[in-house]
Amino acid sequence: MPSSALWAVDLFGRVCTLSTAAQHWELCRDAQLEFKRVSAAAQCCWGIACDHQVYVRVGSSDVPIRRREEAYENQRWNPVGGFCETLLPSDRWPWSDVSGLQHRPLDGVALPSPHWEWESDWYVDENFGGEPTEKGGWTYAIDFPATYTRDKKWNSCVRRRRWIRYRRYKSRDTWAQIPSQDDPKQLPDPFNDLSVGGWEITDEPVGRLSVWAVSLQGKVWYREDVSHPNPEGSSWSLVDTPGEVVQISCGPHDLLWATLWEGQALVREGINRNHPKGSSWSIVEPPTSENGIMHVSAGVGVLWAVTKDRKVWFRRGVNSYNPCGTSWIEMVGEMAMVNVGLNDQVWGIGWADRALYFRQGVTQSELSGRTWKAIVAGRECDRSHSGSSSSLLSAGCFFGDEVRGSGESCGPSDSEAERLGPEPEPAPEVASPASTPAELPWTNIDLKEPKGGPSHAATGFAEASDLSSLGLLPLGLEEPEGADGHPLWAWVSGGGCAVEAHSTLKWFTVQSGLSPSVQTLSLSITPAQTAAWRKQIFQQLTERTKRELENFRHYEQAVEQSVWVKTGALQWWCDWKPHKWVDVRVALEQFTGHDGARDSILFIYYVVHEEKKYIHVFLNEVTALVPVLSEAKHSFALYTPERTRQRWPVRLAAATEQDMSDWLALLNLSCCESRRVHGRPSPQAIWSVTCKGDIFVSEPSPDLEAPERPLPCDQMFWRQMGGHLRVVEANSRGVVWGIGYDHTAWVYTGGYGGGCFQGLASSTSNIYTQSDVKCVYIYENQRWNPVTGYTSRGLPTDRYMWSDATGLQECTKASTKPPSLQWAWVSDWFVDFSVPGGADQEGWQYASDFPASYHGYKTMKDFVRRRCWARKCKLVTSGPWLEVAPIALGDVSIIPESPGAPGSGPSIALWAVSDKGDVLCRLGVSELNPAGSSWLHVGTDQPFASVSIGACYQVWAVARDGSAFYRGSVSPSKPAGDCWYHIPSPPKQRLKQVSVGHTAVYALDENGNMWYRQGVTPSYPQGSGWEHVSNNVRRVSVGPLDQVWGDGAEAGRPCWGRGRGGIWVPALASPPLSPGSPCSRGLGLQRVCIPGLGHRGQSPGKPRPEPGNRVSPHGCAAPRAQGAGLGLRHRGGLGSPLRPGQCHQGPQDFVPGEGWRAERGAGQQALECGRSPAGDPRPGLLLRPRPLA
């Protein structure tokens, strides 16, 4: 979990932040501003200063905030002078916006505030719909407005072109004042309170914020157009209220509460994507009539309040469907204010002591939490002690109790006791009995139900000072501000502080026996030191064991070579019809040979027709061990080459998740021992992710490069790594990056195992918690009826009215479950507006019939419509991955190993595309620092979707509109290059992905067609044109020696080929699916990264081995190698052999290949054009061979 910050304001108006990974407050060092209150979000913080002006502080980032300004130059054709700026009186302005209604000359476009600066001058956009226009950037049409084209026709009477200029937000990590209104009547009085939220409103665009404010006269204002590209917003708009408002609170979703002067609460209803300001107000009465509500704080599904008598209340039953809730519950303690942050975590400021408290025990099942706990942290400026404390601590560490006894105290001294006064009696703790199923989740915590009269139950609890009597000493405070030595706080905001329910924070840690001044200087052992010590101890024990056993090697073994490792009861998906789950007994027998090598056999005992039978699986033949996603079973599958060809793996299911994890860990360890695969993957390992997000690694085998008997790919062993990713990218120097389904970037830490692989199957270090969030989609389908209009009653031949994307499977909101038992829902169902083709305001897409091409507007010929519903689910697992914060990525590419210069440079080039379309270059990436140091933003004129960097620093990218670009002058000394060159797309096609090898460039369009870029040379790297190569391809990857790997959209199995005349072999097959069969669809590889393709190439001037020679242990290249570090050989070769002194083949020797081919032995069907046997439509991986020149 990356660190985030808690914001707070002390009584002196100073703003401080406390990181979740730190133990001390950091003071926001800025201009001499004193703030009244702040409201934080993930990337920014809004505040009201003592001058009642509104300020915003945007955090620094490697990606700049850029906003594009557009202006259109319009011209009409004149029979005398041709096109000119003289327009008809009914025409639009000569210089206008895109609609033509607003006059927009270039010199009239000004910066909105002093916090912006121009990034460039005005220039003409010569790109139109992914295609380059003629010189000048003009587009033509018959009249204004109409459909514009880039080609001039005989009836083109008008034309226009777009001028673009970018402005950059420059006030980062500083308080920027929000410009006030020009009209003083519109904003008559200053602000008194504000709140930021709404960034997770259902279907809200990413980066959108809702900023609400309250003026001194009790009016409510809303800031328009606040988003990530426009952090200041545009203007304030007044929202009518039924009374004078004192304070307001906006939650991350659609909850908005406010308090009135009379003590009542206002709830805003109708907040959604199309109406972020809501529609109406509802009044909620206070808990008691004597004391009205003074302060409220809203979260995702909770509402906390503080009444005028300083009592804390929790609102029961608050959610998006019922924002008003049902009833009030009184909590223990007296607070000046409370604040609800991310994950509904709660902070508060004590009324009597002004200390900061955190609500512990807040979970999704227990939203009200359990107890208040004081945050013990000092400010960073208070840590500047003299060297005596450090010396004292060092002396205490080395000389024992003598110094420690004289310099430290386990408790407060007499003077301290007098200053602190008598310690108040702590509040009694309420026992937590085991709750029954009918018991509400908040009946076992410190809360009280409201009563009509004075509450007698409250007398048993201490007053507000009880919260400060926790016996915790503050850290690093030599000049205490409060009565008990803690800072005095006035306001707190946790909107940007992400605290997981069961995470461990350092805010409450106090070392016993150390004074507060010395606690800040406590020594700690870093994880790196611990790992180094463990490694050293392990090496010493290994050497000692070898020495002790050296004299006993001639003795015979005194134990049997066969031992039973584990037996148990599982369920097996039987091979015969009718296919069903059968209770079986399973036994794993392990053999130990004379040479110490281990091998194992898995026996499955079952009963059929009262006859006992069994099947067995040799674990040295298992090629993959795959957990299977299932809504009802904890199951996994074992693949062998034979069962891969039969398309029927061994499917087993355990009773509990723990049993499945134990079996998976044991079987995975046995498989690795049988194949002698241990430890972390090698730098040349093959990385892949499946369509389910599982991560697999395969080590290259020496048999793969044997020319006489090449090893089929269905015998490649894949072992699973912990974690969950959508994209994985690696190179041959051991740098591996991944991207999750929630666009979070992860970097490989060097460990192995994790997830369900624990114990000996996992490394003891470099394993971290990883989470991922993805959406589950279902579709609501309707057909038009002449009487009632669109209705949920369709024709008998229509699809289900609630179905999946294909319409073949019925999926309702109630019946749709998370992908597996490991996933959990984290949101309600919401309409997805970001579907291809667009949608109307209600999310509907229209078409003439099912299935057809859908569009976001209704026409006379549209008789059916559909709407996409989505729901987020979350997976929490572990693996050897660390998050690379804070930028979310959509695509990543790492430079492969160049055959001519293997690993000579200290830095590794890494390019990425953010989820917003920004192109980034990672600096400082190396083998010792795979995460890099910082991002370097590469300017673009439009958002991008895909990027790829080749072995010779060729950077190609694809924009979201389908156009291709080439980045010029990229080199190690100039990692970001200088400019983009627009590359025309194939005719009438929109590209979606590009991949670059050593000299070859391949691209895919939205229709699954694969294209090869012709004419790419070192002197002309942009190439000359596109050549169609194949179709039905979902993803393409090109290696450093220009090997082409493809993810076939209709191939049933991932495969690779060996070149012209070679052999195609399936790597992993999918089992046949019968109606109602829950069987797995196989490994389902959807992205494979071969980091070392060509890694073993020789350096310039080193002769290449003659054909027939094996790869030497010194890393010489195999003749005509074509595997990623595998040294794969094939019959016929990859092209002209490399001559002495050559480092790569020139583009003149390369042609795009002859098609996807497969020649298989007797009894095996051939694969052609990316199709699998029996025309199975499931995804597969194919390799396109490089032919002879």
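When the count follows the working numbering, it moves up by one through the sequence shown with no breaks and lands on 1207 for the last residue. We treat Cβ as the ideally placed atom computed from N, Cα and C, and that holds for glycine. Quantities reported herein were computed from a predicted structural model and do not represent experimental measurements.
- If the five residues before and after G147 are omitted, its C-beta is found closer than 7 Å to the C-beta atoms of D979, all from its own chain and listed in chain order.
- Cβ neighbours of R286 within its own chain (closer than 7 Å, five residues either side excluded): L274, G296, W299.
- In this chain, the alpha helix (DSSP H) harbouring M678 covers 675–692.
- Counting only runs of 3 or more residues that sit fully inside the stretch 148–180, the beta strand (DSSP E) segments are 157–159, in chain order.
- Burial check for F714: the Cβ neighbour count within 10 Å reaches 16 or more, so the residue is buried.
- Only residues of its own chain outside the window of five on either side were considered, and among them G986, S987 have a CB closer than 6 Å to the CB of D996, listed in chain order.
- Each of A865, T277, D858, A23 was checked against the Cα of G359, and the nearest Cα belongs to A23.
- Proximity to W111 across R86, A650, F162 peaks at F162, based on C-alpha coordinates.
- Of the candidates Q1032, P1039, R226, the residue whose Cα lies closest to the Cα of H293 is R226.
- Between the C-alpha atoms of P1005 and D80 there is a straight-line separation of about 36 Å.
- In this structure, the alpha-carbon of K598 lies about 32 Å from that of R744.
- Where T809 is concerned, the enclosing beta strand (DSSP E) starts and stops at 807–809.
- A residue is called buried when at least 16 other Cβ atoms come within 10 angstroms of its Cβ; C102 does not meet this threshold and is exposed.
- Of the candidates T767, T157, S511, the residue whose Cα lies closest to the Cα of L212 is S511.
- Contact between the stretch 829–844 and the stretch 641–657 is present: three or more C-beta pairs spanning the two stretches fall below 8 Å.
- Listed as beta-bridge partners of E144 by DSSP are no residues whatsoever.
- As DSSP reads the structure, G772 sits in a beta bridge with F775.
- Going by beta carbons, G281 and E262 fall outside the 8 Å limit.
- Unbroken alpha helix (DSSP H) stretches of 4 residues or longer found wholly inside the stretch 217–255: none.
- The Cβ atoms of K584 and L684 sit closer than 8 Å to each other.
- Using a 10 angstroms sphere on the CB of M878, the tally of other CB atoms stays under 16, which defines it as exposed.
- For Q863, the enclosing beta strand (DSSP E) stretches over residues 862–865.
- Where Q93 is concerned, the enclosing beta strand (DSSP E) starts and stops at 84–96.
- The DSSP-derived three-state label of P645 is strand.
- A check of alpha carbon separations from W230 across N248, Q265, M734 identifies Q265 as the nearest.
- When only Cα atoms are considered, S716 and V1054 end up about 19 Å apart.
- Bounds of any alpha helix (DSSP H) do not take in R55; it lies within the beta strand (DSSP E) bounded by 53–58.
- Pairing G968 with V1014 gives a Cβ-Cβ distance under 8 Å.
- In this structure, V931 lies near D909, with their beta-carbon atoms less than 8 Å apart.
- Runs of the beta strand (DSSP E) lying entirely within the stretch 993–1080, each at least 3 residues long, are 997–1001, 1009–1014, 1019–1023, 1028–1032, 1043–1048, 1051–1056, 1062–1066 in chain order.
- In the displayed model, N799 falls within a strand according to three-state DSSP.
- One alpha carbon belongs to R334, the other to P130, and they sit about 44 Å apart.
- DSSP places L941 in the strand class (E or B) of the three-state scheme.
- Following the DSSP letters along the chain, one finds T662 inside the alpha helix (DSSP H) bounded by residues 659–664.
- Excluding sequence positions up to five before and after R75, its CB lies within less than 6 Å of the CB of C63, W193, all in the same chain and listed in chain order.
- A Cβ-Cβ distance of about 11 Å is found for the pair K326 and E352, leaving them out of contact under the 8 Å criterion.
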